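Q: Structure incoming, see below.
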Amino acid sequence: MSGALHDELAVLDQAIAEARARTRETQAAAASAHSDAARLTEELTEAFATGDETMAAKLTKAMSKAQAVAGEPWEQRILGAERAANRAQAARDGWVAEHVGGLLAEIEPEASAATDAIVDLVDQLEAARVHWHAVGHRVEALVRAAGWDVRAVPSGEGLDQAIRDTRIALADPPRPLPSNVPQTISIAPYDDPDPDIRDAARAAATRSN
Numbered sequence: 010m011s012g013a014l015h016d017e018l019a020v021l022d023q024a025i026a027e028a029r030a031r032t033r034e035t036q037a038a039a040a041s042a043h044s045d046a047a048r049l050t051e052e053l054t055e056a057f058a059t060g061d062e063t064m065a066a067k068l069t070k071a072m073s074k075a076q077a078v079a080g081e082p083w084e085q086r087i088l089g090a091e092r093a094a095n096r097a098q099a100a101r102d103g104w105v106a107e108h109v110g111g112l113l114a115e116i117e118p119e120a121s122a123a124t125d126a127i128v129d130l131v132d133q134l135e136a137a138r139v140h141w142h143a144v145g146h147r148v149e150a151l152v153r154a155a156g157w158d159v160r161a162v163p164s165g166e167g168l169d170q171a172i173r174d175t176r177i178a179l180a181d182p183p184r185p186l187p188s189n190v191p192q193t194i195s196i197a198p199y200d201d202p203d204p205d206i207r208d209a210a211r212a213a214a215t216r217s218n
């Protein structure tokens with residue numbers, strides 16, 4: 010999807026994705042810190058059990074560092090990351106609510122093209138049906154000339170009915186847009202209803218003059 014507003018929307022979506030990624034990274038770091046502390050605690054216990062004082066001394070230092078890391082405010086870090094992600098989502102949703110008209114206007118040409126493609130397919134289906142019968146008539150002529158039973162050639166009644174039903178069902182396919190969004194209207198950027206587009210275009214025109 011192209012358009013100035015959708016470009017800005019993509020930036021907001023990227024901010025949300027990055028915030029959620031930070032949340033996952035923080036959660037993973039917290040889990041790793043607690044896992045390391047638990048592992049070193051077990052290794053130190055085993056070193057004492059085997060009487061390996063040298064290893065126990067090394068593990069005591071390592072365990073102390075790991076426990077210090079595990080004791081950091083991971084819960085608050087995770088909650089903070091989640092809060093940042095929620096704020097990014099709220100900012101994005103608020104921006105969409107403010108610019109939804111312009112966003113839909115940018116989507117409208119693609120929505121209309123998608124609908125037109127369905128109409129074209131229905132037309133192609135009808136053309137294929139006509140072609141099918143044309144081939145069938147040629148086959149019947151050959152079969153009849155050979156003295157064969159032409160009833161062995163499918164009549165296509167079921168095919169006709171299926172295509173007829175399809176044409177009726179898709180006679181006027183709706184666009185994937187709210188009903189109050191108008192068909193494509195060419196509007197100069199400096200007259201665009203969206204203030205961001207309009208102001209940017211007018212500023213550019215002023216600079217060029």
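Take the sequence shown: its letters are residues 10 to 218, numbered as in my numbering.
Even for Gly, the Cβ is constructed at its ideal location relative to N, Cα and C.
From a predicted model like this one, the values you see are computed outputs, not experimental measurements.
Is the beta carbon of Thr50 closer than 9 Å to that of Gln85?
A: no
Q: Classify Thr59: buried if its beta carbon has 16 or more other beta carbons within 10 angstroms, exposed otherwise.
A: Classified as exposed, Thr59 has fewer than 16 neighbouring CB atoms from the shown chains inside 10 Å of its CB.
Q: Between the segment 19-35 and the segment 85-101, do three or more beta carbon pairs fall short of 8 Å?
A: Yes: at least three Cβ pairs fall under 8 Å.
Q: Taking all protein chains shown into account, do 16 or more other C-beta atoms lie within 10 angstroms of the C-beta of Ala180, making it buried, or fewer, making it exposed?
A: Flag for Ala180 reads exposed.
Q: For Ala79, count neighbouring C-beta atoms within 10 Å of its own C-beta (all shown protein chains included) and say buried if the count is 16 or more, exposed if not.
A: buried
Q: Does the segment 36-52 come within contact of the segment 113-132, defined as at least 3 CB pairs closer than 8 Å?
A: Touching, no, given that fewer than three Cβ pairs across the two stretches are closer than 8 Å.
Q: So is Ala66 in contact with chain B if we call contact Cβ pairs under 9 Å?
A: Among the chains in the structure shown there is no chain B, since it carries only a single protein chain.
Q: State the Cα-Cα distance for the pair Lys70 and Ser41, rounded to the nearest angstrom.
A: 18 Å
Q: Pick helix, strand or coil for Leu179, following the three-state DSSP scheme.
A: coil
Q: Mind reading off the beta-carbon distance from Glu91 to Thr32? Whole number of angstroms is fine, and I expect it under 8 Å.
A: 5 Å
Q: Helix, strand or coil for Ala197 per DSSP?
A: For Ala197, the predicted model reports a pLDDT of 48, less than 50, meaning its position is unreliable; a value from the coordinates is still stated below. Of the three classes helix, strand and coil, the one that applies to Ala197 here is coil, per DSSP.
Q: Quick check: what's the CA-CA separation for Glu62 versus Ala37?
A: 33 Å
Q: Nearest to Ser44 by alpha carbon, out of Lys74, Met64, Ala24 and Glu17?
A: Lys74
Q: Going residue by residue through the segment 36-80, where are the continuous alpha helix (DSSP H) segments of at least 4 residues, counting only ones entirely within it?
A: 62-79
Q: Residues in its own chain within less than 8 Å of Ala212 by CB, not counting five upstream and five downstream?
A: none
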